[in-house]
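What follows is a short report on a single structure.
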């Protein structure tokens, strides 16, 4: 267990290191770094001064070493727009994104898993057809369009919910639905097929043969055994969930990490972009580690090995 | 053919025809502004879907948007299938350390949100049609490389490949004549499933302002512009988005059908 943990931490470090290197390389390959780091309206003589001051005249290897060294200390430099510590800005926004993501995951668990179970148990009946149609539609409708339509309906026409921003529970409703929509469709589809696989197993037959009620057969024997593929997919999709948060946060003016990243990219605020990439990849790998640990709890046969 | 497959093929064909015939079906030029008749609701004379804030015909813009979306989707799928396919073939066949390194890179890339990666590349290399195809391809090749490598690893152990190798068939010929044809169905299935993902991703990136720029009629940038007029002109948000959703639905259903017929075990 300890060896497993250590090897996973090492893997996390490698992933984070490689993504930072990739973004560093992209920023450097994308043209004169000074111009990328500077506001658009800067004077030519200031450019030369900044180039010297920011150390862009040094060899690339030296610059890279300096970047990695600073990044290890959590120092990504100062935001060009807000004139404050880039990593601090990003970390300040992280809780809002985690709140949005976890309410979307909660919504998915409450809606998609029961829907998938219902479709599997009532296979080829009305519930199954309606549920399957809903998941197929859910996968096709783009989140940002769904968001616009919800705003039009619930904020513009009915005036039930605020159009955006962060505040009370009402502010959380539409962003969570939009973020959960695509995710739920995938999870519901997978729950259905995993449940159908499990329902055909011998232990389900045994459980029924010994006279267990159908409710217990479904909840204890079938759903628990279908949990592994569901959790695996959920873990893999967390990255896409964080990506979806970028769009959702922009539509609903939600002050999270995704919206900050979009603004930083639009403003060419690269210290913030680098810090955001760092935090995103750390968050993602930590969530995946948590998912792996969950396996052992869901299925005691799983032994975590390095 | 099931009902869903028929719906998928029908929708996809409809979008392809609409895109191909956009210039003939459209009531007017998608770029021609007419300020006297801006923000006309759907059903106005000469403008079946209404007009936008500059008085441009919405139907014309949606139809030409289909052309752009299909073009970007097709280009991206071709590039990623070629690049990812070749890398996956070689990585599965060679199994030396460069292959292992390549697959680790693929793992790392997969651990990063697709949209965020493509958007970051666009912000750095610049905006525009060519660059969005480039950034989507750079973010999307991984899926092919993984799927194809996995297939190659299993195909090359089959008896007919081993037999051909024992007969002295050279490695390039072995790869092209014996392994590739058996991996091709997976490449086709992944391509169809990725196609709608690329179209939606392009729209999302254009929506956020990093992709195709106005006044070019792209569904994503049309939706972005529509946000300012949501209170007065719902149709500007409704129709381009519906076109995007129907296209994605059609291609998804088509992809599901292709998977069920060609390669039922494949998980993407």
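Protein chains in written order, with my numbering: chain A, 3 to 308; chain B, 13 to 280.
Where a beta carbon is used, it is the ideal one built from N, C-alpha and C, also for glycine.
Item	Value
Check whether the Cβ of residue 226/B lies closer than 7 angstroms to any Cβ atom in chain A.	no
Would you call the region 80-93 of chain A and the region 154-162 of chain A in contact, with 3 or more CB pairs under 8 angstroms?	no
Within 7 angstroms of any Cβ in chain A, is that where the Cβ of residue 241/B sits?	no
Using DSSP with H/G/I as helix, E/B as strand and the rest coil, what is residue 252/A?	helix
Taking Cβ-Cβ distances shorter than 9 angstroms, what residues in chain B pair up with residue 179/A?	Under the 9 angstroms cutoff, chain B gives no residues; its nearest Cβ is about 16 angstroms from residue 179/A.
On the premise that residue 153/B lies in contact with residue 289/B, defined as a C-beta separation below 8 angstroms, what is that separation, rounded to the nearest angstrom?	What the structure shows of chain B is the stretch from 13 to 280, and residue 289/B is not part of that stretch, so it cannot be assessed.
Look at the alpha carbon of residue 236/A and the alpha carbon of residue 50/A, and state the distance between them as a whole number of angstroms.	49 angstroms
DSSP three-state label for residue 80/A, please.	strand
Does the CB of residue 210/B have a neighbour CB from chain A at under 7 angstroms?	no
Which parts of the region 232-286 of chain A are runs of the alpha helix (DSSP H), unbroken and 4 residues or longer, counting only runs that do not cross its ends?	259-268
How far does the alpha helix (DSSP H) with residue 54/A in it reach, from first residue to last?	46-55
Between 107/B, 151/B, 140/B, 208/B, which lies nearest to residue 162/B when the distance is taken from Cα to Cα?	107/B
List the whole-angstrom C-beta distance separating residue 32/B from residue 144/A, where the pair is believed to meet the contact cut-off of C-beta under 8 angstroms.	The pair is not a contact, with the Cβ atoms about 23 angstroms apart (cut-off 8 angstroms).
Taking the alpha carbon of residue 226/B as the reference point, which residue from 19/B, 27/B, 64/B has its own alpha carbon closest?	64/B
Taking 7 angstroms as the threshold (C-beta atoms), are residue 245/A and residue 128/B in contact?	yes
DSSP on residue 308/A, reduced to helix/strand/coil?	In this prediction, residue 308/A has a pLDDT of 44, which is less than 50 and means its spatial position is unreliable; what the coordinates show is noted afterwards. Coil at residue 308/A, not helix or strand.
Quick one: Cα of residue 258/A to Cα of residue 166/B, how far?	44 angstroms
Please confirm if the region 95-105 of chain A is in contact with the region 189-206 of chain A, defined as three or more CB-CB distances below 8 angstroms between the two stretches.	no
If distances are taken between C-alpha atoms only, which option among 85/A, 234/A, 202/A, 150/A comes closest to residue 220/A?	202/A
CA-CA distance, residue 270/A and residue 165/A?	27 angstroms
Quick check: the Cα distance between residue 62/B and residue 233/B, rounded to an integer number of angstroms?	18 angstroms
Under a three-way DSSP split, which group does residue 105/A fall into?	helix
So residue 281/B contacts chain A; which residues on that side make the cut at Cβ distance below 8 angstroms?	A question about residue 281/B goes unanswered here, because the residues of chain B that appear run from 13 up to 280.
Do residue 75/B and residue 34/B have their CB atoms nearer than 7 angstroms?	yes
Have a look at 91/B, 99/B, 24/B and flag the residue whose alpha-carbon is nearest the alpha-carbon of residue 79/B.	24/B
Please classify residue 166/B: does DSSP put it in a helix, a strand, or coil?	helix
Would you check if the distance between the CB atom of residue 228/B and the CB atom of residue 149/B is smaller than 7 angstroms?	no
Considering only the alpha carbon of each residue, which of 88/B, 268/B, 134/B, 43/B lies closest to residue 29/A?	134/B
Below 8 angstroms on the Cβ atoms is my guess for residue 245/B versus residue 51/B; work out the distance and round it to an integer in Å.	5 angstroms
Closest Cβ-Cβ distance between residue 136/B and chain A: below 7 angstroms?	yes
Any beta-carbon of chain A closer than 7 angstroms to the one on residue 218/B?	no
Helix, strand or coil for residue 262/B, going by three-state DSSP, please let me know.	helix
Taking the alpha-carbon positions, what's the residue 75/A to residue 27/A distance?	20 angstroms
I believe residue 94/B touches residue 213/B by the beta-carbon criterion, under 8 angstroms. Please report the beta-carbon distance rounded to the nearest angstrom.	Contact flag wrong, Cβ pair sits at about 19 angstroms.
Any idea what DSSP makes of residue 87/A, helix, strand or coil?	strand
Does the separation of the CB atoms of residue 20/B and residue 262/B fall below 7 angstroms?	yes
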